[in-house]
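First to last, the protein sequences are chains F and B. FYI, my numbering numbers position 145 of the first sequence as 585, with every residue one higher than the one before it. FYI, my numbering numbers position 49 of the second sequence as 235, with every residue one higher than the one before it. Remarks on the structure that follows.
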Amino acid sequence: MRWSMVIDLDKCVACQGCSIACRFENNTPAVKPSEALKGRAVRWNDVFPMPINPTEVTGEYPNVQTRYLTRPCMHCDNPPCIKVCPVQATFKDEEGLVRQNYARCIGCRFCTVACPYGVRYFNWHVPEWSVETLHDFAWQNRTSLPLPATSVPAPEYANPDRIEGEGDLEGPAIRPKGVVEKCTFCVHRLQKARARAEAEGRAFRADEYVPACVQTCTGKARFFGDLDDPRSTVSLLAKSPRAFRLLEDVGTHPKVIYLREW
Amino acid sequence: MLKVDHRDKEKLIDPLFRTGPRFQLAALAFLAVIGWGVYMYLRQLILGLGETGMTRPTYWGVYMVNFIFFIGISHAGTLISAILRVTGAEWRRPITRVAEAVTAFALVVGTLQIIVDMGRPDRLIFVILHGRLQSPILWDVVSVTAYFLGSVTYLYLPLMPDAAILRDYCTDAPAGRLYAPAWQRTLYTVLALGWRGTRAQWERLEKAIAVMAVFIIPVAVSVHTIISWILATTVQPGWHSSIFGPYFVAGAIFSGIGALFIAMTAVRKVLGLEQYIAERQYRNLGLLFVTMNAIWAYFTYAEHLSIAAGQQTEEFPVLASKLWGEFAPGFWAMIGLMVVAFWVLVVPKLLPASAARVPVFRPRYALASASVAAVTGFVLVSSQPAPVSLVLAAAERAALTEPAIRTLGWAFIALLMIGVGLGVSPWLKARPVTASVIAAACVVVGMWLERWNIIVPTMTHPRLIPYAVYQPTLTEVSLTAASLALFGLMFLVFFKLFPAVSIWEVAEGRVIEEAQSKIVIPAPEPSEMKRLRRWGTRH
């Protein structure tokens, strides 16, 4: 299997539902607004306006063109991040998912520097899900948020799924400070789906698993599946004349395929 | 008992056994800065790397700059002790020890920067347990470790006969002039490794040094090449460049000579070694320094020209930020410092001694030009400050914002700076040591800025992430200061324990010089004949 995602930008309404779903699915830590302003917010799946930097001219008001891009990890076939990791904390598994092991990461941040897409995030402080962070947020947004104070996600709000094992800590697992984290295409969901198929004594099918962002997508703009299967939705969509990949010129061969807006 | 020239004994051995208040004061000052740095590091360790100014996308900052800077400085030792030894440059003898010490200590401080920069320093051992040799960081670990072991060996080998001399000379009588406590005597005895100065021992030592000298040159080249590859193997705009390897090696040797100038002048001044580290050393090292300056300028130009000509959408903003954007002050300061270093070393040498009689070449004219340049610069840089607005009318102030006027202003400043340079040249000509130290200071600061200009503009101008601003915090500034202090302290303690000039190497140099002076001058080269016929043998 070669997991791949297709994002139809024509259907994307830039609602950021994928970002929120990802956040809850993967227990990504919240940061204080002051930290977020510094650029330390952790968004495995980010939605941002294009062009993001003033190198591309899009006209002057009112003659402007506005576009949005939603960006998970590209799960490159030739990932620059895993090539530079000195300790194999990040690796590409046999199904093409680029994963990150928090228990192994030494925090040198070479992968964050090497990734041209900026999909990798560093835990600058102890990851917080504490009530102060949330209250800070609530105060900024003029809402009340009565939540219990914990340094880990409150059990009723946290995703209990874990990938933990001998020297292995991945996915939604609670991570320590000073390590890098990233989008895994919700690899814990894949493991769960596999386990379910095994428990029911049948073969696992590729359509039994999608990441949280695909499941939640408001405009049904995201498709997920096996690129090795020529009849899968992603394989068919990848042949579309609208299909392109992000930063194709840097030679990473991403497995996230975008469909251009009409 | 090994024999030592009485001059060497007086100048090099005696001061080791006199501890004055100056030493204690300097050590205390260094320790205070280091203590503060340790406190700030512990704070960062507990709270996280968020205490630095680093963010997404500026994942690397001052620590990485310091790492490249210190490892760069460590190339001083290789150049002096290895390259000059291999090429048989006799003038190297009095400065080999200082150069080798710079190498070893800069490597320690440089490696510390990486540990300080790590999010999980407690997992450092993973680099060995789970190391992937495909990662440039592993290449770096291997080459820096090899270089460190090689440098320490290389510092130690020529130290062995000196340790033996010290072992023989220091006494255990507390009232004695060369009194050394028991631990110090043990240290010398252990380091001397039973050195008796026999012929066999000398031969073995010479062979070992010769082998190390050849071995360490490729290792040193590899160290800074691999550091550059850490950047160049990524696809980040501005780093993905094939020139980075040689560019970094040239820059490393360049900054190494700068650090060596400062270190050897400090040793010379503090210990009064004017007879050992003489103007000959400054002159010859200065020639190498100018050469490296030219090579560095060439590489810098080549590197930036290709980016400027390519005008690629990701790369060009990085260059633009350096040329006229937010990194322009640092970039042009770097260029300015290098030009000053070049001028200080070259122009006074070119100037004939009679130039001092021309009224232009006076320090007071230089001072006047500098003042005018400073005022002009202030008017150009600051936007409508109170003193300027009081003097100038509104129309004049408006004119100051016009590009043509501003260009003219900068040209005027450049012209004035040439005046400054000419004015101080005879003064510098009379003081070659001071000139060398000024040039060295310019280069060391300029090379730190160069690493900053390579790391930070690229980090703050990534693809797909909004351009960022990077501001180092107090934590980073403190740890940088502490790193410099640690470097200073290691230097101080080392030269409290060991002679700053290799005693036996200098003595050997004297023997060689004496022998050479008895040699009959051979017939001149045919190509020289014409010159000799015309000018005779005078220089």
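Heads up, the beta-carbon is just placed ideally off N, CA and C, and yes, glycines get one too. Computed from a predicted model, the values in this text were never measured in an experiment.
Coarse secondary structure for residue i, derived from DSSP in three states
i	result
residue 540/F	strand
residue 507/F	strand
residue 674/B	helix
residue 429/B	coil
residue 703/F	Residue 703/F is absent from the structure shown; chain F starts at 441 and stops at 702.
residue 257/B	helix
residue 369/B	helix
residue 306/B	coil
residue 482/B	helix
residue 530/F	strand
residue 683/F	strand
residue 449/F	coil
residue 203/B	helix
residue 647/F	helix
residue 701/F	coil
residue 603/F	strand
residue 459/F	helix
residue 620/F	strand
residue 444/F	strand
Residue-level contact to chain B via CB, residue i, 8 Å cutoff
i	result
residue 493/F	yes
residue 550/F	yes
residue 562/F	yes
residue 657/F	no
residue 554/F	yes
residue 480/F	yes
residue 622/F	no
residue 546/F	yes
residue 612/F	no
residue 590/F	Only weak support is given to the placement of residue 590/F: the predicted model assigns it a pLDDT of 47, under 50, and the question is left unresolved by the model.
residue 606/F	no
Test: residue i CB closer than 8 Å to a CB of chain F
i	result
residue 637/B	no
residue 317/B	yes
residue 299/B	no
residue 312/B	yes
residue 478/B	no
residue 323/B	yes
residue 279/B	no
residue 390/B	no
residue 309/B	yes
Under 8 Å from the C-beta of residue i: neighbouring residues of chain B
i	result
residue 698/F	Result: empty, since nearest Cβ-Cβ is about 13 Å, beyond 8 Å.
residue 629/F	Near residue 629/F there are no residues of chain B at all, since even the closest Cβ is about 26 Å away, more than 8 Å.
residue 504/F	Per Cβ cutoff of 8 Å: no residues; residue 504/F is ~18 Å from chain B at best.
residue 618/F	234, 235, 304, 305 and 306
Under 9 Å from the C-beta of residue i: neighbouring residues of chain B
i	result
residue 558/F	242, 243, 648, 649, 650 and 651
residue 520/F	419, 420 and 421
Interface partners of residue i on chain B, CB under 7 Å
i	result
residue 565/F	233, 234 and 236
Within chain F, the residues that residue i reaches when beta carbons sit closer than 8 Å
i	result
residue 320/B	523
So if I threshold CB-CB distances at 7 Å, which residues from the segment 642–669 of chain B count as touching chain F? In summary, the residues of the segment 642–669 of chain B whose CB is separated from some CB of chain F by less than 7 Å are 648, 649, 650, 651, 652, 653 and 654, in the order they occur in the chain.
Three or more C-beta pairs below 8 Å linking the segment 266–282 of chain B and the segment 516–529 of chain F: No, the segment 266–282 of chain B is not in contact with the segment 516–529 of chain F.
Interfacial residues, the segment 233–253 of chain B to chain F, with Cβ spacing under 7 Å: Of all residues in the segment 233–253 of chain B, 233, 234, 235, 236, 241, 242, 243, 245 and 246 have a Cβ within less than 7 Å of some Cβ in chain F.
Return the residues of the segment 670–693 of chain F that lie within a Cβ-Cβ distance of less than 7 Å from chain B, sorted by chain order. Against chain B - using a Cβ distance shorter than 7 Å - the residues of the segment 670–693 of chain F are 687 and 690.
Residues of the segment 526–543 of chain F in Cβ contact with chain B at a cutoff of 7 Å, in chain order, please. Of all residues in the segment 526–543 of chain F, the ones placed with a Cβ closer than 7 Å to any Cβ belonging to chain B are 526, 527 and 528, in chain order.
Going along the segment 411–437 of chain B in order, which residues come within less than 8 Å of chain F, judged by CB to CB distance? Cβ contacts with chain F come from 416, 419, 420, 421 and 422.
Contact list for the segment 446–474 of chain F against chain B, Cβ threshold 8 Å: Taking 8 Å as the cut-off between beta carbons, none of the residues of the segment 446–474 of chain F comes near chain B.
Check whether the segment 457–475 of chain B and the segment 376–386 of chain B touch, using three or more Cβ-Cβ pairs below 8 Å as the test. No: fewer than three Cβ pairs fall under 8 Å.
Proximal residues, the segment 217–230 of chain B versus chain F, C-beta separation under 9 Å: The segment 217–230 of chain B vs chain F, Cβ under 9 Å: nothing.
At least three beta-carbon pairs within less than 8 Å, the segment 599–610 of chain F to the segment 620–630 of chain F: Yes, they touch.
Using 8 Å as the threshold, is the segment 632–643 of chain B in touch with the segment 552–568 of chain B, meaning 3 or more CB pairs across them? Taking 8 Å as the limit for Cβ pairs, the verdict is that the segment 552–568 of chain B does not touch the segment 632–643 of chain B.
Kindly confirm or deny that the segment 325–335 of chain B and the segment 403–416 of chain B touch, where touching means at least three C-beta pairs closer than 8 Å. Contact between the segment 325–335 of chain B and the segment 403–416 of chain B is present, because at least three Cβ pairs lie under 8 Å.
Could you tell me whether the segment 391–405 of chain B touches the segment 310–325 of chain B, where touching means 3 or more Cβ pairs closer than 8 Å? Verdict: no, contact absent.
Take every Cβ of the segment 528–542 of chain F, pair it with every Cβ of the segment 681–698 of chain B, and state whether three or more of those distances are shorter than 8 Å. Counting Cβ pairs under 8 Å, fewer than three are found: no touch.
Taking three-plus beta-carbon pairs below 8 Å as touching, is the segment 545–555 of chain F in contact with the segment 209–221 of chain B? No, because fewer than three Cβ pairs between the segment 545–555 of chain F and the segment 209–221 of chain B fall closer than 8 Å, the two stretches do not touch.
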